[in-house]
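So for the sequence shown, numbering that gives the first Met the number 0 puts the first residue at 0; every next one is plus one.
Accompanying notes for the structure given below.
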Amino acid sequence: MDRAQLEPLLLPDLKETGKELGRGAYGVVTEVIVSGTTCAAKKLHDAIVQEDTLRRFGDEVLLHSQQRHPNIVQLIGVYYPPHSQLPMLVMEYLPLSLTQCLERAEELPLQMKYSILLDVAKGLCYLHGKRPPIVHRDLTANNVLLTSSYSAKISDLGVSRLADTFKDLTKAPGNAIVMPPEALKDNPVYDHKLDVFSYGCLILHVLTGQFPEPTNQFVRIPGKEHFMRVPEWKRRSNYIEDIPKENELLSLARDCLNDVPTDRPEMIESYPKVEKALSKYPKMKSRLVVEKELKDAVREKEKMEEKLVQEREEAERNNQEINDENAASKRENEILKNENEHFKADLRAMSSRITRLENALLLMEKEFKDCTEVLKETIRSKDEQLAKQEQDNMKLLEEKEMDLKAKHVKELSETKLDFESKLYEIKKEHKAKMLATTKDYEKQLSVCREECKERVAKVAKEFTSKTSETLESAVISKNELLSSFQSAPLASIPSCKAQVEIVLPYLRFKDEKIDEWCLVDTNWFSKWKKYIGLTLKPDCPASAGKTGPHPGP
């Protein structure tokens with residue numbers, strides 16, 4: 000696209016405020032200042048770079064700039080930012096979109112809804128009246144902007160047409176929800192009746208306050224495997240049912256939603272129906288206009304009263320001056336009387352006008368009270384929502400508190416488990432140390448036992464050695480013992496022979512190598528030792544626990 004193509008529309012400069020007014024699929028709308036006037040500028044995305052597309056875009060912009068209608072958003076000019084091939088479209092600034100207005104809590108009066116739909120119908124009638132007709136292709140509440148007095152204007156005329164040039168040609172233009180059947184086919188073919196169908200969807204949107212999303216396009220025939228097509232108005236029947244049957248625009252909406260394009264009405268036929276429906280309501284005046292008229296009337300009444308007082312004073316002065324001239328005074332009195340009557344008539348007319356204005360003011364006050372009641376109801380609803388939200392927040396807080404307590408208990412449990420685990424480790428370590436200490440003690444005890452055994456063995460050895468020496472000194476030969484017994488008198492030693500025979504098995508003699516201790520009854524032995532002549536001592540290590548004779552040699 001050559002800049003020379005848009006030379007008549009080029010703006011030398013503008014100031015961007017940085018305020019973003021909206022964002023869509025094809026660009027961003029920002030606030031700009033042009034020659035001291037606030038405007039709206041649409042920046043298209045940089046992805047649009049094809050030369051043939053830009054050339055078509057230039058044609059669309061020129062076409063848009065030539066449209067002059069009170070219900071079409073005016074294109075002011077085009078501005079090229081530095082280092083950019085795409086221009087910014089500068090349009091008149093409108094503060095509110097129809098979507099934003101419908102999404103508000105307060106419902107618009109029916110009279111205002113009819114007025115908005117009438118403005119849109121007039122704008123479409125103007126576009127379709129061109130030769131060839133201009134098709135908007137994306138008529139939704141988002142593309143209808145409102146002035147401060149709620150007059151509606153159609154926006155994005157050139158941009159919506161341009162958007163189709165960046166799409167696949169086999170796809171439908173605009174928003175599929177407001178598109179007629181012919182626009183949803185492969186390789187769609189459509190004309191300006193597409194906008195008529197979108198206008199029918201817009202009527203449902205404005206009257207119900209809900210975006211008219213359709214149901215399924217095809218439904219199964221009961222008892223068969225085939226499907227049948229659902230008429231477009233039936234696909235939106237749940238929204239149509241929300242509109243009172245006596246509504247003047249309900250039949251128009253159904254006609255606009257006809258599946259056959261040729262059966263849809265022309266906009267030149269449609270907007271008079273909307274105008275007729277609106278004519279049943281009195282023309283709305285803004286509150287500011289009524290207040291201004293009332294103030295002007297009161298101010299004019301005060302001026303008239305001041306003027307009347309001044310003239311009355313002047314008449315009294317004249318009456319005093321013409322007391323001597325009866326004829327002149329009578330004429331002057333007649334004149335003054337006539338003037339007085341004239342002023343009284345004016346005053347009565349003014350009073351009547353003031354009365355009408357006061358009645359209008361009372362009507363406005365009533366409307367204001369109604370609006371106040373609606374506002375109070377809205378505030379009450381908001382308060383209930385806030386109270387409910389506060390309750391939800393309290394529940395959420397309690398749940399969080401319970402979660403924190405559970406988390407704290409879990410942490411305490413984990414701490415307890417860690418403590419018990421550490422205590423178990425300490426006990427285990429202490430037990431290991433005790434076991435090691437016990438083993439060391441047993442080892443030391445074993446060493447002590449070994450030492451005791453060695454000492455006992457040593458003592459036993461020494462004792463054995465000494466005992467052996469004692470036994471050796473006590474050993475006598477068999478012949479010596481027999482000879483000593485033979486020399487002893489038999490009377491003093493009764494049965495000596497028998498006693499010796501008893502003793503002999505318990506003794507081992509010198510020549511037979513005594514190698515064990517003799518088990519001798521020391522009591523018996525002490526009785527006979529003086530006869531036998533032995534030197535054995537009773538404390539020899541004889542085992543007292545053993546009984547019976549020692550086995551003989």
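Where is the CB? At the ideal position from N, CA and C, for every residue including glycine.
- If you draw a straight line from the Cα of L335 to the Cα of A314, it comes to about 7 Å.
- With a contact defined as Cβ atoms closer than 8 Å, V77 and L88 qualify at about 6 Å.
- When DSSP states are grouped into helix, strand and coil, M87 belongs to the strand group.
- Judged by pairs of C-beta atoms under 8 Å, the segment 113-120 touches the segment 146-155, as three or more such pairs exist.
- Residue environment analysis places L434 among the exposed positions, since fewer than 16 neighbouring C-beta atoms fall within 10 angstroms of its C-beta.
- At least 8 Å separates the beta-carbon of P260 from that of D185.
- V229 has its alpha-carbon roughly 7 Å from the corresponding atom of V218.
- Distance check between K18 and each of E450, E441, S328 and K42 places K42 closest, using alpha-carbon atoms only.
- Following the DSSP letters along the chain, one finds Y78 inside the beta strand (DSSP E) bounded by residues L74 to Y78.
- Contact annotation: R253 and W232 have beta-carbon atoms nearer than 8 Å.
- Counting only residues of its own chain and dropping the five nearest sequence neighbours on each side, L206 has a CB closer than 6 Å to the CB of I242.
- Looking at the DSSP output, E19 bridges to T29.
- Taken in chain order, the complete alpha helix (DSSP H) segments of 4 residues or longer contained in the segment 220-263 are 231-234, 236-239 and 249-255.
- Bridge pairing for L95: L145 [DSSP].
- Put simply, the segment 270-285 does not touch the segment 131-146. Fewer than three CB pairs are less than 8 Å apart.
- Per DSSP, reduced to three states, the secondary structure at F217 is strand.
- Distance check between L126 and each of C447, K223 and R67 places R67 closest, using alpha-carbon atoms only.
- Secondary structure of K306 (DSSP, three-state): helix.
- Distance from the CA of Y440 to the CA of V408, rounded to the nearest whole angstrom, comes to 46 Å.
- For I153, the enclosing beta strand (DSSP E) starts and ends at A151 to I153.
- Residue environment for Y198: buried (at least 16 other C-beta atoms within 10 angstroms of its C-beta).
- At a Cβ-Cβ threshold of 8 Å, I378 and K300 do not count as neighbours.
- For V33, same chain residues with a beta-carbon under 7 Å away, outside a window of 5 residues either side, are L10, L13, I75 and V89 in chain order.
- Between C200 and P211, the C-beta gap is smaller than 8 Å, which places the two residues in contact.
- The Cβ-Cβ distance between V28 and G21 falls below 8 Å.
- Approximately 15 Å separates the beta-carbon atoms of S96 and L156; this is outside 8 Å, ruling out the contact.
- Looking at the DSSP output, L10 shares a beta bridge with no other residue.
- The Cβ atoms of N70 and T98 do not sit closer than 8 Å to each other.
- Approximately 5 Å separates the beta-carbon atoms of Y92 and A39; this is inside 8 Å, confirming the contact.
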